[in-house]
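*Asks:* Okay, here's the structure, questions in a sec.
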Amino acid sequence: MKEKAGLFLDRDGTIIEDNGFLRDTSQISFIPGTLEALKCLQREYTLFIVTNQPGVASGDLSLSDVDNVNNYIIEQLAANGIIIQAIYVCIHRLEDECDCIKPKPYFLHKAAKEWNINLNLSVVIGDHPHDIELANNVGGSGVYVLTGHGGKHIDELSHESIVVQRIKEAADWVLALPNYENNIQKLKEELYQAGAAIKQGRLVAFPTETVYGLGANALDIDAIAQIFEVKRRPRIDPLIVHIADIDQAKSLVTEFTESAMNLARKFWPGPLTLILPKNNLVPDLVTAGHQSVALRIPDNQLALELIRQAAVPIAAPSANPFGYISPTKAEHVLQQLGEKIQIIIDGGTCNVGMESTIVSFVTDIPAIIRPGGIPVEQIEQIIGPVAKVKHQQRNSIYPGQFPRHYSPQTQLIIAGQDVETITGNRIGLLSFGPAYENKSYAAIEILSKSRDLSEAAANLYTALRRLDMEKLDVIVVQLVPDEGLGIAINDRLRKAANRSKNVTGQD
Ligand code: TXA
Ligand code: MG
């Protein structure tokens with residue numbers, strides 16, 4: 187049986203708020219982002235909880251208090267599809283000199299034996315230096331979170347430690363680890379080198395939560411010119427500039443209107459791009475000669491670390507040849523642009539999988555010029571009604587909005603209710619939900635068994651790529667419900683299906 191990688195989670199202050207001795211389940215609240223993080227992490231790791239509960243030995247807690255709390259946590263996680271393989275509890279105090287208290291590796295060795303876990307591939311996430319020490323004691327990797335007691339003990343950590351805000355941010359680092367021999371220092375070093383490369387005017391492909399970007403120093407014209415060359419992108423198509431914080435965004439614009447700021451505060455870091463009036467620092471080549479610049483703080487720790495290391499804003503379009511399907515895994519970038527890019531940071535699979543929503547603030551009424559990872563409804567909740575530029579009009583009003591985009595080489599047909607009538611040997615089906623087995627498609631890709639729009643968005647580009655490699659005559663697809671993320675998915679499907687030639691004649 188294949189050895190697996192384990193993820194050992196501390197409990198209090200890491201996955202739930204540290205509310206002192208917990209005697210009652212009503213005192214339990216999950217730290218924001220925990221469910222999303224664990225859902226992603228369990229695709230690669232077997233999950234465990236390892237917790238010190240010295241309150242039992244000191245008489246502040248009973249064993250059944252601890253059990254009740256643990257059972258509640260396990261049930262809540264299970265209700266969200268998250269499986270905790272085992273929960274290990276040390277009930278002693280430090281002075282009891284037991285074998286099982288963290289940072290002693292007793293429980294990790296037990297897990298390794300019982301569940302066939304390779305500890306060298308394993309990770310500990312916790313809010314106490316003893317969690318990091320525990321990882322080191324078994325030859326694994328540790329990620330320190332600043333929730334719980336994290337802030338209080340940070341000075342006790344060695345300077346090489348990976349420190350993040352919460353478990354959600356820890357997940358980005360952890361999910362990239364398998365691509366770096368599970369060596370967190372190696373990943374950190376790679377980001378440092380990549381930051382230096384950006385500073386020197388070179389290109390770096392990097393993960394974001396939406397798609398992989400092909401990045402260069404946004405203030406260096408020669409570096410930007412290389413992006414257009416490598417992608418074969420027309421220079422009339424402006425680039426999005428990625429920054430690490432709101433102050434850095436402010437340094438590139440002449441005005442940051444209040445509504446734009448409200449959106450930034452709510453959704454950054456995240457899949458939202460704001461178009462604002464640019465200042466002189468931003469080269470015209472980046473904005474295709476427009477007096478506005480597109481800005482975004484990506485919600486991915488590796489991307490943010492890269493921007494911080496580079497210490498300059500990073501202009502980045504999606505890292506694919508112009509017009510083709512956007513990359514959501516490092517291997518997609520490697521397959522298509524590998525010969526032209528020296529550095530590709532492998533952050534695993536992008537978890538949103540759909541490009542950012544672009545909101546322009548250069549007109550009186552803010553306008554959505556590309557639907558994306560943040561649903562339009564959520565934007566309107568913050569800033570009120572926005573103009574929605576029609577798919578067909580976008581190209582004439584806004585730069586870089588081409589009728590054909592995100593396309594496979596294989597012809598894509600959007601079918602209606604008649605989807606069942608289109609059959610044949612070399613027909614592929616891209617299905618939103620479970621597909622009927624009685625149809626003889628040459629290949630079938632299912633976007634989400636449970637018809638979940640965010641799962642479908644995350645799978646869309648990989649599914650399209652796989653079908654495109656099947657040498658099919660045609661791929662048929664039905665549009666998804668036109669709401670929430672469905673609006674962005676349908677936008678991409680329509681563009682992918684468009685056979686018309688683009689402005690550049692590219693087809
Ligand atoms: O999620 C994303 O947004 C990804 C990741 C890498 O951040 N990036 C991305 O970039 O999708 P790209 O190059 O594929 O799309 C950039 C689009 C342009 O095609 C254009 O429509 C719009 O952003 N854009 C950029 N600057 C603009 C400007 N100054 N005015 C109007 N539209 C602009
Ligand atoms: Mg803790």
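Okay, so the sequence shown: first residue is 187 according to this note's numbering, each after it adds one.
Ideal Cβ positions, reconstructed from N, Cα and C, are used throughout, including at glycine.
#1: For Ile568, I'd like the list of residues in its chain whose CB is within less than 7 angstroms of its CB, leaving aside the five on either flank, ordered along the chain.
#2: Quick one: what's Asn238 bridged to in DSSP?
#3: With Arg652 as the anchor, note down where its alpha helix (DSSP H) starts and where it stops.
#4: Using a Cβ-based criterion (distance less than 7 angstroms to any ligand heavy atom), does His428 qualify as near the ligand TXA?
#5: Out of curiosity, what's the CA-to-CA distance linking Lys436 and Leu460?
#6: Expressed to the nearest angstrom, what Euclidean distance is found between the alpha-carbon atoms of Gly192 and Ala264?
#7: Would you check if there are 3 or more beta carbon pairs closer than 8 angstroms linking the segment 509-524 to the segment 421-432?
#8: List the whole-angstrom C-beta distance separating Ala601 from Gly614, where the pair is believed to meet the contact cut-off of C-beta under 8 angstroms.
#9: Could you tell me the distance, in whole angstroms, from the CA atom of Ala573 to the CA atom of Pro457?
#10: State the Cα-Cα distance for the pair Lys321 and Ile311, rounded to the nearest angstrom.
#11: Could you spell out where the beta strand (DSSP E) holding Val562 opens and where it closes?
#12: In terms of residue numbering, what span does the alpha helix (DSSP H) encompassing Val472 cover?
#13: Taking the alpha-carbon positions, what's the Asp693 to Arg680 distance?
#14: Rounding to the nearest angstrom, what Cα-Cα distance links Ala411 and Ile661 in this structure?
#15: Do Ile775 and Ile429 have their C-beta atoms within less than 8 angstroms of each other?
#16: Is the closest heavy atom of the ligand MG to the C-beta of Gly199 under 7 angstroms?
#17: Please go through the same chain and pick out, in chain order, the residues whose beta-carbon is closer than 7 angstroms to the beta-carbon of Arg637, but skip the five residues on each side of it.
#18: Should Gly570 be labelled buried (16 or more other beta-carbon atoms within 10 Å of its own) or exposed?
#19: In the DSSP assignment, what residue or residues form a beta bridge with Pro463?
#20: Indicate whether Leu405 and Ala502 have their beta-carbon atoms separated by less than 8 angstroms.
*Replies:* In brief:
#1: Asn448, Leu449 and Lys452
#2: Beta-bridge partners assigned by DSSP to Asn238: Cys276.
#3: Segment Leu639 to Asp654, the alpha helix (DSSP H) holding Arg652.
#4: yes
#5: 12 angstroms
#6: 18 angstroms
#7: Taking one beta carbon from each stretch, the segment 509-524 and the segment 421-432 have fewer than 3 pairs nearer than 8 angstroms; the two do not touch.
#8: No, Ala601 and Gly614 are not in contact; Cβ-Cβ is about 12 angstroms, not under 8 angstroms.
#9: Going by the C-alpha atoms only, they are around 19 angstroms apart.
#10: The question names Lys, but residue 321 is Ala in the sequence shown. For Ala321 and Ile311, the distance between alpha carbons rounds to 9 angstroms.
#11: Here Val562 belongs to no beta strand (DSSP E); instead the alpha helix (DSSP H) covers Val562 to Ile569.
#12: Under the DSSP assignment, Val472 falls in the alpha helix (DSSP H) whose first and last residues are Asp470 to Thr473.
#13: Low confidence applies to Asp693: its pLDDT is 30, below 50, so where it sits in the model is not reliable, and the reading given next is rough at best. Those two C-alpha atoms are separated by around 15 angstroms.
#14: 35 angstroms
#15: Here the chain comprises residues numbered 187 to 693, so residue 775 is not present and cannot be evaluated.
#16: yes
#17: Phe618 and Gly619
#18: exposed
#19: Ser478
#20: Contact: no.
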